[in-house]
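Residue numbers (our numbering), protein chains in the order written: chain C, 276 to 634; chain B, 276 to 634.
In what follows, a single structure is set out as structure tokens and then discussed.
Protein chains: 2
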Amino acid sequence: MENRVYNFAAGPSMLADEVLLAIKEELFNYHGSGMSVMEMSHRSKGYLEIFEKTKNGLKKLMNIPDDYEILFMHGGATGMFASIPLNLTKGKTADYIITGNFSKKAADEAKKYGDVHIAYDGKENNYTHIPDENELSFSADPAYIHLCANNTIYGTEWKSFPVNHKTTLIADMSSDILSKPVNVSDFGLIYAGAQKNMGIAGIAVAIIRKELIEEADVKVPSIMNYALELKHDSMLNTPATYPIYVLGKVVDWLEELGGLAEIEKRNIEKAKILYDYLDASKFYKSFAEKESRSLMNVTFSCGDPDLDAAFAAKAAENGLCNLKGHRLVGGLRASIYNAMPKAGVEKLIEFMDDFAREN
Amino acid sequence: MENRVYNFAAGPSMLADEVLLAIKEELFNYHGSGMSVMEMSHRSKGYLEIFEKTKNGLKKLMNIPDDYEILFMHGGATGMFASIPLNLTKGKTADYIITGNFSKKAADEAKKYGDVHIAYDGKENNYTHIPDENELSFSADPAYIHLCANNTIYGTEWKSFPVNHKTTLIADMSSDILSKPVNVSDFGLIYAGAQKNMGIAGIAVAIIRKELIEEADVKVPSIMNYALELKHDSMLNTPATYPIYVLGKVVDWLEELGGLAEIEKRNIEKAKILYDYLDASKFYKSFAEKESRSLMNVTFSCGDPDLDAAFAAKAAENGLCNLKGHRLVGGLRASIYNAMPKAGVEKLIEFMDDFAREN
Numbered sequence: 276m277e278n279r280v281y282n283f284a285a286g287p288s289m290l291a292d293e294v295l296l297a298i299k300e301e302l303f304n305y306h307g308s309g310m311s312v313m314e315m316s317h318r319s320k321g322y323l324e325i326f327e328k329t330k331n332g333l334k335k336l337m338n339i340p341d342d343y344e345i346l347f348m349h350g351g352a353t354g355m356f357a358s359i360p361l362n363l364t365k366g367k368t369a370d371y372i373i374t375g376n377f378s379k380k381a382a383d384e385a386k387k388y389g390d391v392h393i394a395y396d397g398k399e400n401n402y403t404h405i406p407d408e409n410e411l412s413f414s415a416d417p418a419y420i421h422l423c424a425n426n427t428i429y430g431t432e433w434k435s436f437p438v439n440h441k442t443t444l445i446a447d448m449s450s451d452i453l454s455k456p457v458n459v460s461d462f463g464l465i466y467a468g469a470q471k472n473m474g475i476a477g478i479a480v481a482i483i484r485k486e487l488i489e490e491a492d493v494k495v496p497s498i499m500n501y502a503l504e505l506k507h508d509s510m511l512n513t514p515a516t517y518p519i520y521v522l523g524k525v526v527d528w529l530e531e532l533g534g535l536a537e538i539e540k541r542n543i544e545k546a547k548i549l550y551d552y553l554d555a556s557k558f559y560k561s562f563a564e565k566e567s568r569s570l571m572n573v574t575f576s577c578g579d580p581d582l583d584a585a586f587a588a589k590a591a592e593n594g595l596c597n598l599k600g601h602r603l604v605g606g607l608r609a610s611i612y613n614a615m616p617k618a619g620v621e622k623l624i625e626f627m628d629d630f631a632r633e634n
Numbered sequence: 276m277e278n279r280v281y282n283f284a285a286g287p288s289m290l291a292d293e294v295l296l297a298i299k300e301e302l303f304n305y306h307g308s309g310m311s312v313m314e315m316s317h318r319s320k321g322y323l324e325i326f327e328k329t330k331n332g333l334k335k336l337m338n339i340p341d342d343y344e345i346l347f348m349h350g351g352a353t354g355m356f357a358s359i360p361l362n363l364t365k366g367k368t369a370d371y372i373i374t375g376n377f378s379k380k381a382a383d384e385a386k387k388y389g390d391v392h393i394a395y396d397g398k399e400n401n402y403t404h405i406p407d408e409n410e411l412s413f414s415a416d417p418a419y420i421h422l423c424a425n426n427t428i429y430g431t432e433w434k435s436f437p438v439n440h441k442t443t444l445i446a447d448m449s450s451d452i453l454s455k456p457v458n459v460s461d462f463g464l465i466y467a468g469a470q471k472n473m474g475i476a477g478i479a480v481a482i483i484r485k486e487l488i489e490e491a492d493v494k495v496p497s498i499m500n501y502a503l504e505l506k507h508d509s510m511l512n513t514p515a516t517y518p519i520y521v522l523g524k525v526v527d528w529l530e531e532l533g534g535l536a537e538i539e540k541r542n543i544e545k546a547k548i549l550y551d552y553l554d555a556s557k558f559y560k561s562f563a564e565k566e567s568r569s570l571m572n573v574t575f576s577c578g579d580p581d582l583d584a585a586f587a588a589k590a591a592e593n594g595l596c597n598l599k600g601h602r603l604v605g606g607l608r609a610s611i612y613n614a615m616p617k618a619g620v621e622k623l624i625e626f627m628d629d630f631a632r633e634n
């Protein structure tokens with residue numbers, strides 16, 4: 276694969292070469308079907324095989340227990356921000372832990388539909404910090420506790436999840452799902468937009484304990500109704516068939532290279548060399564608190580907006596793309612999801628070193 | 276392109292060879308960017324160019340006036356069934372014309388959110404018929420009139436649209452958009468799931484008169500809020516980036532071959548040879564009323580469920596795939612969207628002739 280760049284975008288983001296090669300191989304004619312997966316009816320035998328294989332592959336890869344269901348939902352994580360309170364509050368208060376932009380958005384959306392209690396808000400420390408268990412204050416009897424496992428914009432990530440509670444934990448894992456093993460049973464619902472570690476934009480993957488799904492209020496839009504989607508196995512209407520297929524390819528690739536324990540090892544290694552470099556550097560400044568740092572999104576800066584802009588521009592000329600930080604944080608951000616090879620991080624560090632010397 | 280079949284699926288459905296070739300060509304490296312469109316951040320310059328080009332191309336192709344906006348929405352047409360009443364009834368009654376399964380679903384979804392008046396229901400003639408203007412009875416002051424322009428399951432299609440009304444006409448054109456020129460100004464909102472004539476599953480395209488978009492009720496889920504999506508140019512959250520890109524390729528292809536007048540000519544020709552054959556045949560029976568027949572979905576049967584099943588199976592062996600009718604109608608259905616070449620229809624007729632002789 277020629278002339279490919281290292282794409283550090285926060286999402287949609289880089290795909291593994293193996294995934295793109297598998298897609299290209301099957302583009303015109305999937306397994307002798309005479310058609311592209313893009314052209315397959317979602318009700319056809321051929322597509323249903325892909326669909327089941329993807330679900331079963333994900334179940335195996337994440338070690339998802341039998342009492343959980345995988346739903347492919349429309350509208351990305353932002354769709355989930357609405358469907359979660361619409362389906363799961365059942366008249367009770369919902370607790371939200373705010374550690375960044377997306378957990379704030381999730382809480383704001385939930386406020387439309389019922390009582391929301393903010394169990395923690397990291398605003399005052401500018402979201403550089405993931406709270407300890409004792410920093411959280413839950414309401415008396417919440418329907419659930421919602422958190423965002425990895426904060427793409429700020430570059431922070433939960434290392435372990437709250438256990439001192441008697442309710443259902445819900446995690447938006449949009450930017451760190453499949454980056455490491457997770458004990459699914461600790462959660463009532465794990466969900467993720469697919470466009471970071473699960474392939475391409477167009478689906479939200481929801482892994483939900485089946486007993487949580489009850490008949491939803493009649494006012495819930497059908498495409499957001501978990502009971503309906505469960506009944507129809509995510510085919511209440513035409514699902515985003517191609518993103519589901521690409522997810523299957525991502526799952527195959529991860530399984531092939533050794534599963535989530537192996538990718539975690541690689542992710543730790545990749546992040547370590549970058550953070551070690553940042554910590555040793557006098558030129559660059561790391562954004563997130565050390566203990567809260569994300570393995571997926573590394574936020575830093577040159578300490579000067581103009582230098583940061585020059586850095587991002589010059590890096591792009593060198594095949595290191597999309598390093599500009601999010602406007603809420605400024606600076607720079609290297610998103611190093613599963614598909615980013617170690618070589619990409621090494622090349623980035625080399626560039627950083629050159630840039631620091633020159634500036 | 277070798278060993279491709281003719282795919283008569285109702286959707287997701289066949290793509291033109293030209294579209295698939297363009298996709299494959301750019302799969303690893305879009306215009307020297309060093310990345311696939313699948314990997315592009317929706318906020319990146321490269322992707323925004325694709326996005327704008329797609330919107331502008333569609334605007335030109337459909338001759339969409341300046342006072343309309345194109346929105347890319349989540350959740351397919353079924354998502355629109357909810358978002359339309361949520362955004363546009365504004366406390367008034369909504370009128371629905373029911374000519375098949377999907378217009379019925381649209382009306383049922385709207386009933387969740389307000390008063391619905393059924394202006395016509397074709398149930399008693401088993402949805403073989405598209406009503407004349409004088410068969411419609413509208414309510415006194417409806418917020419809008421909703422209809423489904425082409426009924427995929429029953430194989431019927433509106434030839435001209437109601438004009439004797441003083442309100443906003445909304446049309447679900449999921450299965451005949453881009454098949455012929457349409458006067459956009461006759462409608463307040465035209466929408467379509469992309470997976471038939473607009474590419475692949477994952478987006479609903481909404482073409483809406485801007486003045487209809489007002490601040491929606493606070494209870495509307497953000498991803499269904501037209502005012503929010505308009506404000507964010509369909510990027511309130513990550514849109515389904517790849518389906519939008521594929522739509523752009525479809526638009527390029529149609530523009531290249533001569534636009535909607537030309538594709539209409541071809542569609543009329545394709546449908547005519549198939550309907551003429553059906554009308555001349557004593558073996559096959561056409562489902563829809565002659566005057567209401569769809570150019571996109573041709574419903575027929577051998578008059579016997581076992582024979583129909585044998586037909587579909589044998590046709591598939593001959594590279595004519597997905598001809599089984601929808602379970603609500605039974606029989607057979609040939610979906611001959613824009614991407615189905617005349618040669619595919621000719622091969623189908625040849626097969627039909629052989630099958631009729633043998634049975």
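C-beta atoms are modelled at their ideal positions from N, C-alpha and C, and glycine is treated no differently.
Being a predicted model, the structure only gives us computed values, none of them experimental.
Worksheet entry | For Phe347(B), the residue or residues it bridges with in DSSP | Val480(B)
Discussion item. For the ligand NAD, is there any heavy atom lying closer than 7 Å to the beta carbon of Phe326(C)?
Written reply: With respect to the ligand NAD, the structure offers nothing, as it holds no ligand at all.
Worksheet item: Going along the chain, which residues of its own chain have a beta-carbon closer than 8 Å to the beta-carbon of Ile543(B), five neighbours each way excluded?
Response: Leu570
Worksheet item: Hey, Ile659(B) and Ala385(B): beta-carbon distance below 8 Å or not?
Response: What is shown of chain B runs 276 to 634, which leaves residue 659(B) out entirely.
Item to complete: In angstroms with no decimal places, state the Cα-to-Cα distance between Leu302(C) and Leu290(B).
Response: 12 Å
Discussion item. Across the segment 445-454 of chain C and the segment 466-484 of chain C, are there enough close Cβ pairs to call them in contact, namely three or more that are closer than 8 Å?
Written reply: yes
Worksheet entry | Three-state class that DSSP yields for Lys387(C) in the structure shown | DSSP, reduced to helix, strand and coil, places Lys387(C) outside both helices and strands of the structure shown, so it counts as coil.
Worksheet item: Is the Cβ of Phe303(B) closer than 8 Å to any Cβ of chain C?
Response: yes
Fill in: Enclosing alpha helix (DSSP H) for Val526(B) [first to last residue]
516-532
Practice prompt. Enumerate in chain order the residues of its own chain whose CB-to-CB distance from Lys380(B) is below 8 Å, with the five nearest sequence positions on each side excluded.
Written response: Thr353, Phe356
Discussion item. Please list, in chain order, the residues of the segment 502-514 of chain C that have any C-beta partner in chain B closer than 9 Å.
Written reply: Leu511, Asn512, Thr513, Pro514
Worksheet item: From the beta carbon of Lys494(C), is the nearest beta carbon of chain B less than 8 Å away?
Response: yes
Item to complete: State the CB to CB distance for the pair Lys511(B) and Leu522(B), rounded to an integer number of angstroms; the pair is presumed to be in contact (CB under 8 Å).
Response: Looking at the sequence shown, residue 511(B) is not Lys but Leu. Actually they do not touch by this definition, with Cβ atoms about 19 Å apart.
Worksheet item: Are the beta-carbon atoms belonging to Gly350(B) and Ile498(C) less than 8 Å from one another?
Response: yes
Worksheet item: Considering only the beta carbon of each residue, do Pro406(B) and Thr442(B) sit closer than 8 Å?
Response: no
Worksheet item: Tell me the DSSP bridge mates of Phe575(B)?
Response: Ser561(B), Leu607(B)
Fill in: Proximal residues to Gly534(B) (C-beta, below 7 Å), its chain only, five neighbours per side dropped
Leu336
Practice prompt. Please classify Ala618(C): does DSSP put it in a helix, a strand, or coil?
Written response: helix
Item to complete: My understanding is that Tyr343(C) touches Ile483(C), with C-beta atoms under 8 Å, so please give their C-beta distance in whole angstroms.
Response: For a cut-off of 8 Å, the C-beta gap from Tyr343(C) to Ile483(C) is around 6 Å, short enough to register as a contact.
Worksheet entry | Status (buried if at least 16 other CB within 10 Å, exposed otherwise) for Asp629(C) | exposed
Item to complete: Would you please state the rounded distance, in angstroms, between the beta carbons of Ile428(B) and Asn376(B)? I believe it to be under 8 Å.
Response: 5 Å
Item to complete: Give a yes or no on whether the minimum CB-CB distance between Arg279(C) and chain B is below 8 Å.
Response: yes
Worksheet item: Does DSSP put Arg568(C) in a helix, a strand or coil?
Response: strand
Item to complete: Mind listing the chain B neighbours of Tyr517(C)? Cutoff is C-beta to C-beta under 8 Å, in chain order.
Response: Using a Cβ-Cβ cut-off of 8 Å, Tyr517(C) is close to Ile475, Ala476, Gly477, Tyr517, Pro518 of chain B, given in chain order.
Item to complete: Out of Val438(B), Glu537(B), Ala590(B), Ala382(B), state which residue places its alpha-carbon closest to the alpha-carbon of Glu657(B).
Response: With chain B covering only 276 through 634, there is no way to say anything about residue 657(B).
Discussion item. Any beta carbon of chain B sitting closer than 8 Å to that of His404(C)?
Written reply: no
Worksheet item: Is it buried or exposed for His317(C), if we count other Cβ within 10 angstroms and need 16 for buried?
Response: buried
Worksheet item: Shorter than 8 Å from the beta carbon of Pro287(C) to some beta carbon of chain B?
Response: yes
Worksheet item: So, does the CB of Leu290(C) fall closer than 8 Å to a CB anywhere in chain B?
Response: At least one chain B Cβ lies under 8 Å of Leu290(C).
Practice prompt. Enumerate in chain order the residues of its own chain whose CB-to-CB distance from Leu582(B) is below 7 Å, with the five nearest sequence positions on each side excluded.
Written response: The residues are Asn634.
Worksheet entry | Range covered by the beta strand (DSSP E) that runs through Gly468(C) | 464-468
Worksheet item: Under the DSSP definition of a beta bridge, which residues are partnered with Ser393(C)?
Response: Looking at the sequence shown, residue 393(C) is not Ser but Ile. DSSP, once it has assigned bridges, lists Tyr371(C) as partnering Ile393(C).
Discussion item. So if I threshold CB-CB distances at 8 Å, which residues from the segment 347-371 of chain B count as touching chain C?
Written reply: His349, Gly350, Gly351, Ala352, Thr353, Gly354, Phe356, Ala357, Ser358, Leu361
Worksheet item: When we look at the beta-carbon of Leu603(B) and count the other beta-carbons within 10 Å, is it buried (16 or more) or exposed?
Response: Exposed, since its Cβ has fewer than 16 Cβ neighbours within 10 Å.
Fill in: Residues of the segment 306-318 of chain C with Cβ closer than 7 Å to any Cβ of chain B, in chain order
Gly309, Met310, Ser311, Met313, Glu314, Met315, Ser316, His317
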